[in-house]
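Here the structure comes first, spelled out in C-alpha cells, and everything after it is commentary.
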Amino acid sequence: MGRPYQPSLLRLLHGLTALLVLGCWLSGLFVYSRYDGRWGRLPFVPGGSWIDLHGQVGWFLLPVGLAFTAYALTLGKARLRRATNAMALVALVLAVATGKLMQEDWLRDGELHHLVYSLHLVAWLVIGLAVLVHVAGSLQLGGWPLVVSMSNTSLREGDLPGDWPSQIRRYLKRKR
Ligand code: HEM
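If you want it as C-alpha cells, here you go:
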C-alpha cells in the first residue's frame, strides 16, 4: 500500500482546527479550575488571564471551524461516513456553538448556574472524548502512516494552494 496522501486544503484546515481546539480545551480547563472547581481542581493553574485567552482562541476557532466544517460537509463528505470523524465534527460544532452563547462575566461574577454554561462544560468533556476516539479510530484505520499523513507538509503537483479554487470548482461541477 502506498503512503497515504491528504489534500493540502484539508491538512491546513484540519491542522488549524486541531491546534485551536487544543488551545481552547486546555485554557478551558484552567478557567474551570480557577473559577468553578465543583468537581475538583487542578493542583496548580499557571498565572494568566485565562478567561480572556480562552475567549480569544475561541474567537479564532469560529471562522476556522466553520471553514473546516464546510470542507468536511462538501469535499470531504466521503470520510464523514466514518462515525469517528463525524463525532469529532459534531463535538466541535457543539463546543463552538455553546461557547458563542457564553457571557464572559458569568464566571468572574460566580454565576455558575446558567444552562448555557452547563452545556458548554458538557461540550468540553464531549470534545475531549470525541478527539480521543477519533485519533484511536484513525490509528485503527490506517495506523501511524495515516495519522502522520494529516500533518505532513509535502505537496503534490496539482495540490498547491493555487489549485484550491479549481478543486472547489471541480467539486461543484460534479454536484451539478
Ligand atoms: C481536535 C479536533 C479535531 C477535529 C474536530 C477533527 C475532525 C476531523 C474530521 C471531521 C475529519 C474528516 C475530514 C473530512 O471529511 O475530509 C478528520 C479526519 C482525520 N483526522 Fe481529525 N479532527 C481533530 C483532531 C485530530 C487529531 C488530533 C488527529 C491526529 C493526531 C487527527 C487525525 C485525523 C486523521 C488521520 C484523519 C483522516 C481519517 C480518514 O481518512 O478517515 N484528527 N478529522
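The sequence shown maps to residues -9 to 166 in my numbering.
Yeah, the Cβ is synthetic: ideal placement off N, Cα and C, and Gly gets one too.
Since we're looking at a predicted model, the values are computed, not measured.
Close beta carbons around residue i, own chain, < 6 angstroms, minus the five adjacent residues each side
i	result
L82	G55
L32	S23
G13	V47
T74	V123, H124, G127
Own chain, CB closer than 7 angstroms to residue i, minus 5 neighbours either side, in chain order
i	result
G66	L0
L109	T88
G118	W15
L43	S17
H104	W96
G45	E94
Contact test: residue i Cβ vs the ligand SAH heavy atom, cutoff 7 angstroms
i	result
S(-2)	Among the ligands modelled here, namely the ligand HEM, the ligand SAH does not occur.
Whole-angstrom distance between residue j and residue i, CA atom to CA atom
i	j	result
R28	L102	10 angstroms
V47	K165	35 angstroms
P151	H4	15 angstroms
D99	V121	31 angstroms
R(-7)	G38	43 angstroms
V86	R72	22 angstroms
A68	E94	38 angstroms
L19	K163	44 angstroms
R159	D153	10 angstroms
Residue i versus the options, residue with shortest Cα-Cα distance
i	options	result
L79	K90, Q93, L63, E94	L63
P(-3)	Y25, W15, E147	E147
Y25	I41, A60, L70	I41
P53	V21, G38, G30, L10	L10
Y161	P36, S17, W15, Y61	Y61
A57	L2, S144, G132	L2
T59	T7, F50, G30, G45	T7
Own chain, CB closer than 8 angstroms to residue i, minus 5 neighbours either side, in chain order
i	result
V106	T88, L91, M92
V226	Because residue 226 is not part of the residues shown, which for the chain are -9 to 166, the question remains open.
Nearest-angstrom beta carbon gap, residue j and residue i [assumed within contact, 8 angstroms]
i	j	result
V125	L84	Not quite, the Cβ-Cβ distance comes to about 18 angstroms (not below 8 angstroms), so this is no contact.
M77	V123	6 angstroms
L70	V21	About 31 angstroms separates the two Cβ atoms, so there is no contact after all.
Y(-5)	S139	6 angstroms
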